[in-house]
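Visitor: Dumping the structure here so I can ask a few things about it.
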């Protein structure tokens with residue numbers, strides 16, 4: 107076996123991995139065990155990485171843009187797997203992303219961080235805007251556009267002065283973040 111089939115080898119030598127869980131993930135992520143990692147797409151490589159990360163069950167899982175390289179079907183299948191993990195094993199998943207399609211039926215809660223401050227944290231079912239909107243994407247777009255208008259109206263501050271504040275030193279200060287969790 108070529109060392110370039112690293113994904114295949116690593117999937118089967120991870121210590122303590124349950125073979126049934128591994129096989130379920132390989133099928134779920136549509137991983138071809140004959141892939142040569144130097145010849146596959148970014149999405150295929152990402153599938154192997156995700157599989158490796160999920161081989162051991164978790165109680166809490168923190169994800170940051172993990173599905174960005176996945177096709178729509180694999181992404182939705184993975185979200186369904188995460189939902190099952192939460193319901194069957196009482197796991198908790200925090201998923202930070204800028205891809206909102208399909209999350210309104212997956213997430214149970216939402217956290218919205220703006221300029222280092224938690225602006226919203228609530229159950230998805232309590233988000234008033236979702237009661238009159240067809241999807242989460244349009245709701246979040248409205249929030250982000252409103253935020254952008256507010257930011258454009260603010261006067262520019264002295265950078266040295268801004269750096270001294272605790273909020274400015276937060277890793278969340280310079281951008282907008284959404285996190286969804288179950």
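In the numbering used here, the protein residues as written are 107 to 288.
We treat Cβ as the ideally placed atom computed from N, Cα and C, and that holds for glycine.
1. With H, G and I counted as helix, E and B as strand and the rest as coil, what does DSSP make of residue 140?
2. Quick check on DSSP: helix, strand or coil for residue 252?
3. Let me know the secondary structure DSSP gives residue 161 once reduced to three states.
4. Are there 16 or more other CB atoms within 10 angstroms of the CB of residue 188, so buried, or fewer, so exposed?
5. Can you name, in chain order, every residue of its own chain whose Cβ lies under 8 angstroms from the Cβ of residue 210, other than the five neighbours on each side?
6. Can you tell me which of 161, 190, 154, 162 puts its alpha carbon nearest to the alpha carbon of residue 173?
7. Report the rounded CA-to-CA distance for residue 164 versus residue 197, giving the unit in angstroms.
8. How about residue 160 and residue 131: are their beta carbons less than 8 angstroms apart?
9. Determine the direct distance from the alpha carbon of residue 185 to that of residue 227, and round the result to whole angstroms.
10. How about residue 180: is its Cβ closer than 7 angstroms to a heavy atom in the ligand ADP?
11. Sort 200, 157, 147, 152 by Cα distance to residue 129 and report the nearest one.
12. Where does residue 180 land, buried or exposed, given buried means 16+ other C-beta within 10 angstroms?
13. In its own chain, which residues sit with a C-beta less than 7 angstroms from the C-beta of residue 175, not counting the 5 before and 5 after it?
14. Measuring alpha carbon to alpha carbon, tell me which residue in 200, 142, 261, 134 is nearest residue 177.
15. Taking all protein chains shown into account, do 16 or more other C-beta atoms lie within 10 angstroms of the C-beta of residue 139, making it buried, or fewer, making it exposed?
16. Within 10 Å of its beta-carbon, does residue 199 have 16 or more other beta-carbons around it, so buried, or fewer, so exposed?
17. Between the C-alpha atoms of residue 110 and residue 141, what's the straight-line distance to the nearest angstrom?
18. By how many angstroms is the C-alpha of residue 205 removed from the C-alpha of residue 107?
Guide: Quick look at the numbers:
1. coil
2. helix
3. Assignment of residue 161 by DSSP, reduced to helix, strand and coil, places it in the coil class.
4. buried
5. 230, 236, 241, 242
6. 154
7. 7 angstroms
8. A contact, by the Cβ cut-off of 8 angstroms.
9. 21 angstroms
10. The model depicted lacks the ligand ADP and carries no ligand whatsoever.
11. If we check each option's Cα against that of residue 129, 157 comes out closest.
12. buried
13. Result list for residue 175: 148, 149, 152, in chain order.
14. 134
15. exposed
16. Burial check for residue 199: the Cβ neighbour count within 10 Å reaches 16 or more, so the residue is buried.
17. Residue placement at residue 110 is flagged as unreliable, the pLDDT there being 42, under the threshold of 50; the coordinate-derived value follows with that caveat. Taking the straight line from one Cα to the other gives about 9 angstroms.
18. At residue 107 the pLDDT is 42, less than 50, meaning the model places this residue with poor confidence; the figure from the coordinates comes in the next sentence. Rounded to whole angstroms, residue 107 to residue 205 spans 38 angstroms at the Cα level.
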